[in-house]
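Some notes on the structure that comes next.
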Amino acid sequence: MLNNETDEERRAKYEKILATCEERGMEFAKNFISRNKGGGTEVVLVRNWLSEKLKAASDLEEKRLIESVELAKRNVIAAESSADAAKLAVDEAAKANLLASQALNHADKANELATISNGLASEANSQSAWARSESKTANKIAICAAIIALVSVITQFYTN
Numbered sequence: 084m085l086n087n088e089t090d091e092e093r094r095a096k097y098e099k100i101l102a103t104c105e106e107r108g109m110e111f112a113k114n115f116i117s118r119n120k121g122g123g124t125e126v127v128l129v130r131n132w133l134s135e136k137l138k139a140a141s142d143l144e145e146k147r148l149i150e151s152v153e154l155a156k157r158n159v160i161a162a163e164s165s166a167d168a169a170k171l172a173v174d175e176a177a178k179a180n181l182l183a184s185q186a187l188n189h190a191d192k193a194n195e196l197a198t199i200s201n202g203l204a205s206e207a208n209s210q211s212a213w214a215r216s217e218s219k220t221a222n223k224i225a226i227c228a229a230i231i232a233l234v235s236v237i238t239q240f241y242t243n
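Numbering (this note's numbering), first residue to last: 84 to 243.
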């Protein structure tokens with residue numbers, strides 16, 4: 084640094100160095116420090132700038148890591164909830180399957196009862212037809228008996 088520099092000139096020079104560091108990045112700052120091993124205000128300034136950038140990058144990385152951990156925790160919770168929901172769905176499906184099986188058994192029994200009922204109805208129809216036939220026969224016999232009785236009465240009337 085020249086002794087005849089004003090504070091304003093030094094400030095402008097430092098601002099220019101920092102602007103260059105901002106523009107060219109951390110690799111430029113590392114190279115600047117390496118080239119100026121003698122030290123001086125500029126090197127200290129660049130070293131401080133680099134330290135701040137590294138700390139900011141570290142803080143940002145730490146923040147990202149924390150966010151990643153939080154996201155992982157939320158994902159684990161969501162996965163556990165999904166697993167619980169899947170288990171519940173499997174349990175409900177098993178219950179539904181059991182109910183469907185029971186319904187099929189009841190339907191089979193109802194079908195058997197309907198078959199028996201149809202058989203009984205058919206037998207009842209047959210018995211009813213037989214009874215009608217017997218009734219017709221009985222009516223014919225009654226008519227014949229009535230005719231015979233009438234003939235007998237008439238015969239007795241004419242014979243007496």
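Glycine is no exception: its CB is placed at the ideal position from the N, C-alpha and C atoms.
- In terms of Cβ geometry, L143 and A112 do not form a close pair [threshold 8 Å].
- The three-state reading of DSSP puts K120 in coil, since its state is none of H, G, I, E or B.
- Pairing S141 with N87, the inter-Cα distance amounts to about 40 Å.
- If you check the CB distance, L137 and I100 do not come in under 8 Å.
- As for any alpha helix (DSSP H) of minimum length 4 sitting wholly inside the segment 109-193, the runs are 109-118, ordered along the chain.
- The alpha-carbon separation between T242 and N222 amounts to approximately 29 Å.
- E110 and N119 do not touch by the CB rule: their CB atoms are close to 15 Å apart, not below 8 Å.
- Judged by DSSP in its simplified three-state form, T238 adopts helix.
- In summary, F115 is buried, with 16 or more beta-carbon neighbours lying within 10 Å of its beta-carbon over all protein chains present.
- In the DSSP assignment, E98 falls within the unbroken alpha helix (DSSP H) covering 90-107.
- Inter-residue distance for A155 and A166 is about 16 Å (C-alpha atoms, whole angstroms).
- E175 and A186 have their alpha carbons spaced roughly 16 Å apart.
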